[in-house]
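Q:
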Amino acid sequence: MFESKAGVFFIAGIGFFVLAFLGNGVVPMIMYKDRPEKTAEELVEGNRRVLVQFQDLSERWPEQFAAAFGEPTEEKCAEALRLGRQVYIGEGCWHCHSQFVRPVSNESLRYGPVSQSHEYDNELQRPVMFGTRRVGPDLSREGGRRGNDWHAVHFFKPSVVSNQSPMPEYPWFFDGSPDKPNRRGLAVITYIQWLGSWLPEYPYYEELAEVQGE
Amino acid sequence: MKTAATAPVATAAVPSHEELVDERIVMAHFVAGLGFLTISMLAGILMALQLVHWNPLKGIELLAPGRWRMVHTNAIAYGFLANAFLGSLNWAIPRMTFHPVASRALNWFIFWAWQVIVLATAIGIVVGPSLQDQAWVMDLAKQWHLPFSLGAQGLEWGETPFWIDPVALLGLALVAVNFMVPISKGKGPMYVANWYFMAAFVWTFLTYAMGNLLPEYTVGGTSAGAIGGLFIHDLVGLFVTPLGWGLMYYFVPILLKKPVWSHGLSLVGFWGLAFFYPLQGIHHFLYTPIPMFLQYGAVISTIAVELVVSTVVINFFGTLAGRSSAIVDNLPIRYFYTGMVFYFITCFQCALQVTLTFQKLIHFTDWVVGHAHLVMFGVFSLWLFGIMTYLMPRILHRPWWSHRLCVYHYWLSAGGLFVMFLDLALAGVFQGYYWASLQPWDVSTIGSQPFWITRVFAGLTMFAGLLCFLYNLWMTWRTEPAALPASGVVSA
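Chain order of the listed sequences is D and U.
Take 319 as the starting number for the first sequence in the working numbering and just add one per residue.
Take 1494 as the starting number for the second sequence in the working numbering and just add one per residue.
See below:
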């Protein structure tokens, strides 16, 4: 059996793969199967924290916003989130920024509450954006921590607002200058402002005494 | 003619080399693989330069480091490793089973289809994000609530845009059929290498299907995280690893001219790997909301596989015993055994870093990046360089143009990689402590600069090794065909 074709094909090849898939994949699938997956529209509905930012974008850069999304409605916000997430993935943001706060290494002091399963039950986490590397900080509680103008300048030229940041520049999110974000730029800023917007409060780790070096 | 009396017996039982092996396709896969390796390494250098603020191509959309970072990993797995494996398998399997592949025409179809898939993936990753905002794509996404992406999809090594996935799956199925036919024609128990190959064909297809269909279309959230972890893990463990070890079980005894030391250990190694390796996917996402008991299971089976790996490495060093001078005078053997030492280091590192204690510190840091380079370049790329160094003169029917350049290739690749590994592992420890000590984020990126600068030079060293190899290959190709010396193997 151990050296026969059938043994290798059926037991090692198919059998062990399926066993591992059942244990590592199907078990969590069954455990979480009753949790409804929210659509982007459901995520936006009544979510004041992200809608305020979306509204702010439309007031801050009215011409750019009108050309890209028209009116700052909930429906348009969902559209922006969907596109913003694709920009986030397509530009490889997720290779340098994680989206989960671990219960160790003082992360809940730096970022806010430890990530929980229900935070990922939505279409924007498909595939889930846990991430595998942090060149830049975790982003899962980034929403609302900084203003839209900060994000615009940061995407245009990160080193202007972030000391010696190694992050690449994204001038193609703008029509020439940081006060003219285009559709992709507005979408990705909306997406960043959405992250963590489901939580009741902003974690301001910068204000902690330990962080201030006191 | 002197052997005429014995020859008929031999030819009746054993088809000639020309009947078995299509040397042109072996070479074609090697050359395509080296082409993708060049692209991949350039992409890696671009990202490395970005991190140390030396990117000379800033602000150019189609040269965005983030996009090329994905081409870097994607082209190494599917462009270089897969091509080099397919080339080597086209030599090894027919010669081992005495049966040619199912169809040479199919072989060429696979070759071209595979290049189209890898190139289309790279183009999709680089150009796709600029075109993502097409009305029809976003309408599809809205209607189905699924991530229809013209560019990369959000899973490492699963970046392949959704419109390429079905073609890639078809390609993998054809590869399996083409090689399973000669394997299945053999009588009786199979040789070790064929256990690994046969299992790898099944696993690669299943793994690719799982990772490119489930987390995108079927399950979301935390469950997708569990499957995604399983996918990136299985791609190394069930595609790259078994093909690599299978080739070692084929080439090492041939080059050393002696059988593998212990058949028992071969059995333990294969079945242990087959059982434990797939169980570990979740160890990539420790401390996530994935249920804790599953995380513990993944940790334990990872430590178990380290014991299994030890038996495999012991088996190969047992085989080397008595012929250890081959390390010095036989360059392919030196590549193989260097890779095995790196493999042992990788797996030993794995057994430590997978523990929850270690994860606290090194998860998300450059430690993991160093680990990944040690596996993909230090082990499997070195093995494939060794196989190419051995096979290319045989296929071209002429010795290497320059032995010295072959040796330079070895030292620059292995040396550069080892420096990169140590550098990134150390960087990871620093980053982990910077973060845990709650200093402002800039402290960690500024503090990483010395390590990142070292990494640029280590990468350039590895790339210089590749350039030596490419130049040597070019010059070898231009020389006149000649008989190889009787000893055959490239000596150094």
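All C-beta atoms in this analysis are idealised placements derived from N, C-alpha and C, irrespective of residue type, glycine included.
Taking the straight line between their C-alpha atoms, what separation do you get for Glu393/D and Arg400/D?
A: Along the first sequence, one-based indexing puts residue 393/D at 75. Along the first sequence, one-based indexing puts residue 400/D at 82. Taking the straight line joining both Cα atoms gives about 11 Å.
Q: Ordered along the chain, which non-local residues of its own chain (more than five positions away) have a Cβ less than 6 Å from that of Val1847/U?
A: Walking along the second sequence from the start, residue 1847/U turns up at place 354. Excluding positions up to five away in sequence, the list reads His1776, Val1792, Thr1795.
Q: Identify the continuous alpha helix (DSSP H) that holds Trp1993/U and give its terminal residues.
A: Shown here, chain U extends from 1494 to 1985; a query on residue 1993/U therefore has no answer.
Q: For Ala1692/U, which residues from the same chain have a beta carbon less than 7 Å from its beta carbon, with the 5 sequence-adjacent residues on both sides left out?
A: Along the second sequence, read from residue 1 onward, the residue named residue 1692/U stands at position 199. Same-chain partners within the cutoff: Pro1735, Ala1767.
Q: Which residue from Trp1934/U, His1896/U, Leu1884/U puts its Cα closest to that of His1522/U?
A: Locating residue 1522/U in the second sequence gives position 29, where the first residue counts as 1. With distances taken between Cα atoms, His1522/U lies closest to Leu1884/U.
Q: His469/D touches chain U at which residues, Cβ-Cβ below 7 Å?
A: In the first sequence, the residue the question calls residue 469/D occupies position 151. Result: empty, since nearest Cβ-Cβ is about 16 Å, beyond 7 Å.
Q: Considering only DSSP beta bridges, list what Pro499/D is partnered with.
A: The sequence position of residue 499/D within the first sequence is 181, counting from 1. According to DSSP, which records beta bridges pairwise, Pro499/D is partnered with Phe492/D.
Q: How would you list, in chain order, the residues of chain D whose beta-carbon sits under 7 Å from the beta-carbon of Tyr1780/U?
A: Sequence index remark: in the second sequence, residue 1780/U carries index 287 (1-based). The answer, in chain order, is Arg420, Pro421, Val422.
Q: How many Å lie between Ser1984/U and Asn1823/U at the Cα?
A: As a position in the second sequence, residue 1984/U is number 491, starting the count at 1. As a position in the second sequence, residue 1823/U is number 330, starting the count at 1. Since pLDDT at Ser1984/U reaches only 45, below the 50 mark, its modelled position is unreliable, and no value is offered.
Q: Taking the C-alpha atoms as reference points, what is the distance between Trp1764/U and Met347/D?
A: Along the second sequence, one-based indexing puts residue 1764/U at 271. Along the first sequence, one-based indexing puts residue 347/D at 29. So the two alpha carbons sit approximately 28 Å from each other.
Q: Is it the case that the Cβ atoms of Pro455/D and His1546/U are separated by a distance below 8 Å?
A: Indexing the first sequence from 1 puts residue 455/D at position 137. Indexing the second sequence from 1 puts residue 1546/U at position 53. In this structure, His1546/U does not lie closer than 8 Å to Pro455/D by Cβ.
Q: So is Ala324/D in contact with chain U if we call contact Cβ pairs under 8 Å?
A: Counting from one through the first sequence, the residue named residue 324/D turns up at place 6. With 8 Å as the cut-off, Ala324/D does not count as an interface residue toward chain U.
Q: Check Asn1823/U in the structure and name its three-state DSSP category.
A: Walking along the second sequence from the start, residue 1823/U turns up at place 330. Strand, per DSSP.
Q: When burial is assigned at 16 or more other CB atoms within 10 Å of the CB, is Asp352/D buried or exposed?
A: Here residue 352/D refers to the residue found at position 34 when the first sequence is read from its first residue. That one is exposed.
Q: Going by Cα to Cα distance, which pick from Ser515/D, Trp379/D, Asn466/D, Phe474/D is closest to Ser495/D?
A: Locating residue 495/D in the first sequence gives position 177, where the first residue counts as 1. Measuring from the Cα of Ser495/D, the nearest candidate turns out to be Phe474/D.
Q: Would you please state the rounded distance, in angstroms, between the beta carbons of Met1703/U and Phe339/D? I believe it to be under 8 Å.
A: Residue numbering aside, residue 1703/U sits at position 210 when the second sequence is read from its first letter. Residue numbering aside, residue 339/D sits at position 21 when the first sequence is read from its first letter. Correct: roughly 7 Å between the Cβ atoms.
Q: From the DSSP output, read off the bridge partner residues of Asn440/D.
A: Within the first sequence, residue 440/D is the residue found at index 122, counting from 1. Beta-bridge pairing links Asn440/D to Lys356/D.
Q: If you check the beta carbons only, do Gln417/D and Ser458/D fall under 8 Å apart?
A: Translated into positions along the first sequence, residue 417/D becomes position 99. Translated into positions along the first sequence, residue 458/D becomes position 140. Cβ distance < 8 Å, so Gln417/D and Ser458/D count as in contact.
Q: Would you call the CB atoms of Leu1610/U and Ile1569/U closer than 8 Å?
A: Numbered from its first residue, the second sequence carries residue 1610/U at position 117. Numbered from its first residue, the second sequence carries residue 1569/U at position 76. Looking at the sequence shown, residue 1610/U is not Leu but Ile. Contact flag unset, no.
Q: I'd like to know if Trp1928/U contacts chain D, where contact means its C-beta is closer than 8 Å to some C-beta of that chain.
A: As a working note, residue 1928/U is residue 435 in the second sequence. Answer yes: the Cβ-Cβ gap between Trp1928/U and chain D drops below 8 Å somewhere.
Q: Below 7 Å CB to CB, which residues in the same chain sit around Arg1971/U once its five sequence neighbours on both sides are set aside?
A: On the second sequence, position 478 is the one that residue 1971/U refers to. Nothing meets the Cβ criterion.
Q: Check whether the Cβ atoms of Gly343/D and Leu1723/U sit closer than 8 Å, and answer yes or no.
A: Here residue 343/D corresponds to residue number 25 of the first sequence, with the count starting at 1. Here residue 1723/U corresponds to residue number 230 of the second sequence, with the count starting at 1. Yes.
Q: Which chain B residues sit within Cβ distance under 8 Å of Lys1551/U?
A: As a matter of chain content, chain B is missing from the structure shown, whose protein chains are D and U.
Q: Is the Cβ of Arg1948/U closer than 8 Å to any Cβ of chain D?
A: As a position in the second sequence, residue 1948/U is number 455, starting the count at 1. No, because no Cβ of chain D sits closer than 8 Å to the Cβ of Arg1948/U.
Q: Using beta carbons (cut-off 8 Å, strictly below), is His1866/U in contact with chain D?
A: Here residue 1866/U refers to the residue found at position 373 of the second sequence. Not closer than 8 Å to any Cβ of chain D, the Cβ of His1866/U fails to qualify, so no.
Q: For Tyr520/D, decide whether its Cβ has a neighbour in chain U, counting only Cβ atoms nearer than 8 Å.
A: Taking the first residue of the first sequence as 1, we reach residue 520/D at position 202. No, its Cβ sits nowhere closer than 8 Å to a Cβ of chain U.
Q: Along the stretch 1835-1863 of chain U, what residues have a CB closer than 9 Å to any CB found in chain D?
A: Within the stretch 1835-1863 of chain U, the residues whose Cβ lies closer than 9 Å to some Cβ of chain D are Leu1849, Gln1852, Lys1853, Leu1854, His1856, Phe1857, Thr1858, Asp1859, Val1861, Val1862, listed in chain order.
Q: Check whether the stretch 1550-1563 of chain U touches the stretch 1853-1864 of chain U, taking contact to mean three or more Cβ pairs, one atom from each stretch, closer than 8 Å.
A: As far as the Cβ criterion goes, the stretch 1550-1563 of chain U does not touch the stretch 1853-1864 of chain U, which means the pair count is below three.
Q: Note the first and the last residue of the continuous alpha helix (DSSP H) segment covering Ser458/D.
A: Numbered from its first residue, the first sequence carries residue 458/D at position 140. First-last for Ser458/D: undefined, no H or E at that position.
Q: Considering just the uninterrupted stretch of the alpha helix (DSSP H) at Phe448/D, what are its terminal residues?
A: What you label residue 448/D is simply residue 130 of the first sequence in a count that begins at 1. Phe448/D -> no alpha helix (DSSP H), and no H or E assigned at all.
Q: Please list the partners that Ala384/D has in chain U, where partner means a Cβ-to-Cβ separation under 8 Å.
A: Translated into positions along the first sequence, residue 384/D becomes position 66. Within 8 Å Cβ-Cβ: nothing; Ala384/D doesn't reach chain U, min ~16 Å.
Q: Is His426/D close to chain U, meaning its C-beta is less than 8 Å from at least one C-beta of that chain?
A: Here residue 426/D corresponds to residue number 108 of the first sequence, with the count starting at 1. For clarity, residue 426/D is Ser in the given sequence; the question names His instead. Closer than 8 Å: no.
Q: Three or more C-beta pairs under 8 Å: does that hold for the stretch 1881-1897 of chain U against the stretch 1833-1843 of chain U?
A: Contact fails: fewer than three Cβ-Cβ distances are below 8 Å.
Q: Report the rounded CA-to-CA distance for Leu1662/U versus Val1695/U, giving the unit in angstroms.
A: Stepping through the second sequence from its first residue, residue 1662/U is reached at position 169. Stepping through the second sequence from its first residue, residue 1695/U is reached at position 202. Approximately 12 Å, taken between the alpha carbons.
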